[in-house]
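The working numbering puts the first residue of the sequence shown at 6, with every later residue one more than the last.
Don't be surprised by glycine CBs; every beta carbon is placed ideally from N, CA and C.
Source: prediction; values computed, not measured.
As structure tokens, the structure follows; a few thoughts come after it.
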Amino acid sequence: RTKVLDAWLNGTNPLVDVALGAGGELTFANAAEKAGVATAAERYTVQWSRFDNATGTHSDAGPEQTLTQPRGQAPTALISARTEFISARLRAYHADQPAWSQPLVVYFRRAGDGWSLVGLERNP
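And the structure:
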């Protein structure tokens, strides 16, 4: 069991359970760490963007952020804009797990006063 989990979870970016709160609070978890087949990432990065669902284009919303915990904050200007879709490109960094730095792109759609996860691309 452990060998299978190690191979599958450490062979790609293992971030899961991504959520965006109404105020822009981003949270996520590391499946490899939760399964006990790796230690925590040294750091994470997130690049926020506005996403045009009609054309499939991203427009970066500020510089890439570096996080030391599996949580962060979306830029206020992005959350307060009347943008219908936004995305976040997440990467994890660990000296022993180079595959973790492959991007995970998550898509959120405005849902009333909050945000709903509507898409996910692992290793786009």
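Going by beta carbons, Pro75 and Phe113 fall outside the 7 angstroms limit. By the neighbour-count criterion, in which 16 or more other beta carbons inside 10 Å mark a residue as buried, Asn58 falls on the exposed side. Per the C-alpha coordinates, the member of Ala45, Asp22, Tyr49 positioned closest to Pro108 is Tyr49. With contact defined as three or more Cβ pairs closer than 8 angstroms, the stretch 34–44 and the stretch 92–103 are in contact. Around the CB of Ser92, 16 or more other CB atoms lie within 10 Å, so the residue is classed as buried. Each of Phe90, Val110, Thr81 was checked against the Cα of Glu30, and the nearest Cα belongs to Thr81. Between Val51 and Gln70, the C-beta gap is smaller than 7 angstroms, which places the two residues in contact. DSSP places Ala34 in the strand class (E or B) of the three-state scheme.
Per DSSP, reduced to three states, the secondary structure at Asp11 is helical.
Non-local beta-carbon contacts of Asn15 in its own chain, meaning distances under 7 angstroms to residues more than five positions away in sequence, involve Ala37, Val42, Ala43, Gln102, Ala104 in chain order.
If you compare the alpha carbons of Leu72, Ser106, Gly124, Ser121 with that of Pro19, the shortest gap goes to Ser106. Counting the other CB atoms within 10 Å of its CB gives Ser54 a total of 16 or more, which places it among the buried residues.
DSSP places Ala93 inside the beta strand (DSSP E), whose first and last residues are 90–98.
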